[in-house]
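Position one of the sequence shown corresponds to residue 0 (numbering that gives the first Met the number 0), numbered consecutively onward.
Every residue, glycine too, gets a C-beta built ideally from N, C-alpha and C.
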Amino acid sequence: MPMYLIELARYTGFAQLFFIITSFIIVYGIHHTLRRYSKDYLVSLLIFISVPHFYLSSFGIVRQYCAIAILFYGIKYIVQRNFYYYLAIVALAMMFHYSAIIGIVFYFLYRIELNRFITSSLIIASFFTTPVLYYIIEHLPKYSDYILPVLNRGTGAKMQLFLLLSAVIFMFFYNSFKSTESKFYYNVFIVGVCTYNAFLFIGDFATRISYYFIIYLILLIPELKYKFEKKQFYLATVLFSILLYATSFYLSYKEPTKNALVPYQIFLSKSVDDIKLVK
0 MPMYLIELAR
10 YTGFAQLFFI
20 ITSFIIVYGI
30 HHTLRRYSKD
40 YLVSLLIFIS
50 VPHFYLSSFG
60 IVRQYCAIAI
70 LFYGIKYIVQ
80 RNFYYYLAIV
90 ALAMMFHYSA
100 IIGIVFYFLY
110 RIELNRFITS
120 SLIIASFFTT
130 PVLYYIIEHL
140 PKYSDYILPV
150 LNRGTGAKMQ
160 LFLLLSAVIF
170 MFFYNSFKST
180 ESKFYYNVFI
190 VGVCTYNAFL
200 FIGDFATRIS
210 YYFIIYLILL
220 IPELKYKFEK
230 KQFYLATVLF
240 SILLYATSFY
250 LSYKEPTKNA
260 LVPYQIFLSK
270 SVDDIKLVK
């Protein structure tokens with residue numbers, strides 16, 4: 000599918016057409032799902048924009064983020080328990096990125112109870128699965144390039160800490176997730192945390208599989224809004240988002256080659272020559 004879009008852009012002589020179409024897919028997929036399922040659209044949107052591996056990453060891994068947005072849009076078919084429609088969504092997402100096949104797992108995470116004990120066990124176990132995954136990927140020629148620990152120079156460890164702390168907080172408030180949908184968001188996010196842990200020490204590229212799961216954080220956080228006073232919840236969310244966003248820009252400014260997946264730079268106070276020096 001992306002190749003057809005690229006060819007269309009070349010044929011029309013309008014190079015930006017590819018990014019216009021892919022950006023529409025990403026924005027619409029996220030927007031539509033948040034409008035329909037988020038307990039607080041603005042909070043979800045704020046989290047989506049501020050967490051580094053969400054909105055900012057969509058500029059670098061365009062094909063995969065189209066797949067993520069399409070699977071995210073497919074939540075309604077999971078909730079409706081319409082397997083064949085959801086399978087069609089997975090197939091469409093795979094046209095953008097083959098890794099979207101992992102989306103089939105989501106369908107079977109609905110109506111499953113991952114209590115605190117099971118959650119803790121899964122997270123702990125995820126730290127010990129790396130050698131097994133490394134061995135499997137190493138013997139798959141098509142995916143052996145994902146074994147690039149040398150590229151693990153980015154915010155991997157910081158993101159891991161963030162995800163683990165988030166998981167602990169959600170475990171603490173586990174009983175607050177009353178609806179089947181909120182428990183589903185919890186399940187998918189926890190599996191995402193485990194996936195990130197398992198693949199982190201293989202390389203930054205390998206952790207990208209977890210992005211399909213951890214995006215559910217933007218639906219999960221608003222589920223806690225009724226546990227706090229409204230003003231406190233919104234203030235905490237805004238401050239948290241500003242901190243994350245500022246940290247991302249600071250790290251980008253301080254070490255422009257930090258993240259091999261998203262090679263963008265802050266251009267403020269830089270000349271054209273400064274930017275050209277970074278490859």
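Within the segment 42-123, the runs of alpha helix (DSSP H) that reach at least 4 residues and sit entirely inside it are, in chain order, 61-72, 74-78, 82-93 and 103-107.
If you look at N196, you'll find it in the alpha helix (DSSP H) that goes T179 to L199. Listed in chain order, the non-local C-beta contacts of L45 below 8 Å within the same chain comprise T236, V237 and S240, local neighbours out to five positions each way being set aside. Assignment of K38 by DSSP, reduced to helix, strand and coil, places it in the coil class. When secondary structure is reduced to three states using DSSP, G12 falls in the coil class, being assigned neither helix nor strand. Assigned with DSSP and collapsed to three states, I214 falls in coil, not helix or strand. Only buried fits T32, as 16 or more other CB atoms lie within 10 angstroms of its CB.
Put simply, the segment 153-162 does not touch the segment 69-79. Fewer than three CB pairs are less than 8 Å apart. Rounded to whole angstroms, the gap between the alpha carbons of I103 and Y10 is 35 Å. With contacts defined by Cβ atoms closer than 9 Å, G73 and I88 form a contacting pair. Put simply, the backbone Cα of T129 is about 19 Å away from that of I117.
Per the coordinates, the alpha-carbon of N174 lies some 42 Å from the alpha-carbon of F18. Burial check for S178: the Cβ neighbour count within 10 Å stays below 16, so the residue is exposed.
Excluding its 5 nearest sequence neighbours in each direction, I100 has C-beta neighbours in its own chain below 8 Å: V89 and M93, listed in chain order. DSSP places T21 in the helix class (H, G or I) of the three-state scheme. Excluding five sequence positions before and after R115, the CB atoms of its chain that fall closer than 7 Å to its own CB belong to M170 and Y173, given in chain order.
Of the other Cβ atoms in all chains shown, 16 or more fall within 10 Å of the Cβ of E222; this residue is therefore buried.
Residue state for E228 is assigned as coil, using DSSP reduced to three classes. In the three-state reduction of the DSSP assignment, F172 falls in the coil class. By the criterion of a C-beta distance shorter than 6 Å, S37 is surrounded in its chain by S43, L218 and P221, once the five residues flanking it on both sides are discounted. A distance below 7 Å between beta-carbons, with the five flanking residues on each side excluded, links I5 to the following residues of its chain, in chain order: F17. Each residue's CA atom was taken as its position, placing S119 and V190 some 11 Å apart. Excluding five sequence positions before and after E112, the CB atoms of its chain that fall closer than 8 Å to its own CB belong to K182, given in chain order. Between L242 and V50, the CB-CB gap reaches or exceeds 9 Å.
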